[in-house]
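Chains as they are written, first to last, in the working numbering: chain C, 57 to 236; chain P, 6 to 263.
Worksheet: the structure to be examined is printed underneath.
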């Protein structure tokens, strides 16, 4: 989708190329942001910041050296680190104590698309952090280590989110299979 | 024989293999675990398919709008400085004929994302610093020219504010009798290939050229019909002698009148 022609358009300052990247990767950045910052609004701020930075630094993107997704993740990681550094200690404690479940579920019309796939509905009913991590792993294609590095979640937590999500989805399939 | 546990099987199924050859050795001879593994692989395949169906789930359109707006601010010459420096304006003896427009124009307060605040704070800091210098270097008493009133001051700075933004002088908006003038006193402008041209930018991307700046100094008449309340940004551009009267898009200094 984002091929060499796209990279040339992006680097030469075509705003539509940035929109293409937004359409494809802003969800990934948002998911990382939700997991790292534990606040949907802050995560949207992060998305804005990352894509503006990407735009301003577009001449530094080299498709020969890495993917757009990886490049954006690098920017995302630095922005999150800056935010943590700027956060005062009190806020850090609060952020650490905040429960991810309190974050609002991202609104989208995608639910309608997955009606024909039960598992899609089951995924949407998973707890938010499990769903975010599952998407980062199986849609955005991040390794467990990459998810851990960018979100700040311990590697073991990333793995257990994926495991619990898969156990839940498998269990539902087996129940469905037994009932039919 | 001890079977593989669920966590190992799942890691195998998502292609992040757990350590040890013992695992693969066990799988090769244990039908139970091999079947369990294929069960997990089937689940994961279904999940991948479902995730593809869901699609990228981009951030909301309001986020894109904010990005596009911010990018536009940085390229289409809209004023970047919105902080008010009204409090910093030097005292001037206002003659009786100063029109009512001399009162500070209410500044719009565009919604700024929180992370923009350090930039604004830095700008305000620069304004305060410039204001102090301005106030202390100006004669304590006004020269006896009651017909001239300083209506607004723009402190000029680099357009690309990377790191500390040094001062590049200032521009004063003057009311002289029945016309409005802009007096520019720029210092330390970067060397350019073309000519320095002075512009006023409106709040919506409109702009008007006031003329060419020589030696950093010049006083320009603001054309009739240009309302200084609407054109609040002073810009100095690098204009090549290419016959094109439009702004070259290369700005070397800018400041907001307030």
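Glycine is no exception: its CB is placed at the ideal position from the N, C-alpha and C atoms.
Keep in mind that this is a model prediction, so the values were computed, not measured.
For residue 261 of chain P and residue 225 of chain P, I'd like the C-alpha separation in whole angstroms. 17 Å
Give the DSSP-derived three-state secondary structure of residue 259 of chain P in the structure shown. strand
Neighbourhood of residue 197 of chain P by C-beta, 7 Å cutoff - its chain only, sequence neighbours within 5 removed: 243 and 257
For a quick check, are the C-beta atoms of residue 194 of chain P and residue 216 of chain P less than 8 Å apart? No.
Using the C-alpha atoms, what's the distance from residue 78 of chain P back to residue 1 of chain P? As shown, chain P starts at 6 and ends at 263. That puts residue 1 of chain P outside it, with no answer to give.
Under a CB-based cut-off of 8 Å, is residue 191 of chain C close to chain P? yes
Going by C-alpha to C-alpha distance, which of P/76, P/45 and P/161 sits closest to residue 224 of chain C? P/45
Relative to the C-alpha of residue 172 of chain P, which candidate in P/191, P/16, P/57 and P/183 has its C-alpha closest? Out of P/191, P/16, P/57 and P/183, P/191 has the C-alpha closest to the C-alpha of residue 172 of chain P.
In chain C, what lies closer than 9 Å to residue 78 of chain P by C-beta? Residues of chain C passing the Cβ test: none, with the nearest at roughly 10 Å.
Can you name the residues of chain P whose CB is closer than 9 Å to the CB of residue 83 of chain C? 60, 61, 62, 63 and 64
Pop quiz: residue 194 of chain C and residue 56 of chain P are said to be a contact at Cβ under 8 Å. What is the actual Cβ separation, rounded to whole angstroms? Right, their Cβ atoms sit about 5 Å apart.
Are residue 190 of chain C and residue 189 of chain P touching if we call contact CB-CB under 8 Å? no
Within 8 Å, do at least three Cβ pairs link the segment 57 to 65 of chain C to the segment 96 to 103 of chain C? no
So for residue 97 of chain C, helix, strand or coil by DSSP? helix
Start-to-end residues for the beta strand (DSSP E) that takes in residue 139 of chain C: Here residue 139 of chain C belongs to no beta strand (DSSP E); instead the alpha helix (DSSP H) covers 124 to 142.
Interface flag, residue 15 of chain P vs chain C, CB-CB below 8 Å: yes
Would you say residue 55 of chain P faces chain C, with C-beta separation under 8 Å as the test? yes
Buried or exposed by the 16-neighbour rule on C-beta atoms within 10 Å, applied to residue 255 of chain P: exposed
Please report whether the beta-carbon of residue 103 of chain C lies at a distance below 8 Å from any beta-carbon of chain P. yes
Could one say the Cβ of residue 179 of chain C lies closer than 8 Å to chain P's Cβ atoms, at least one of them? yes
Give me, in chain order, the residues of the same chain whose beta-carbon lies closer than 7 Å to that of residue 42 of chain P; leave out the 5 immediate sequence neighbours on both sides. Once the five neighbours on either side are set aside, the close Cβ partners of residue 42 of chain P are 14, 17, 18 and 32.
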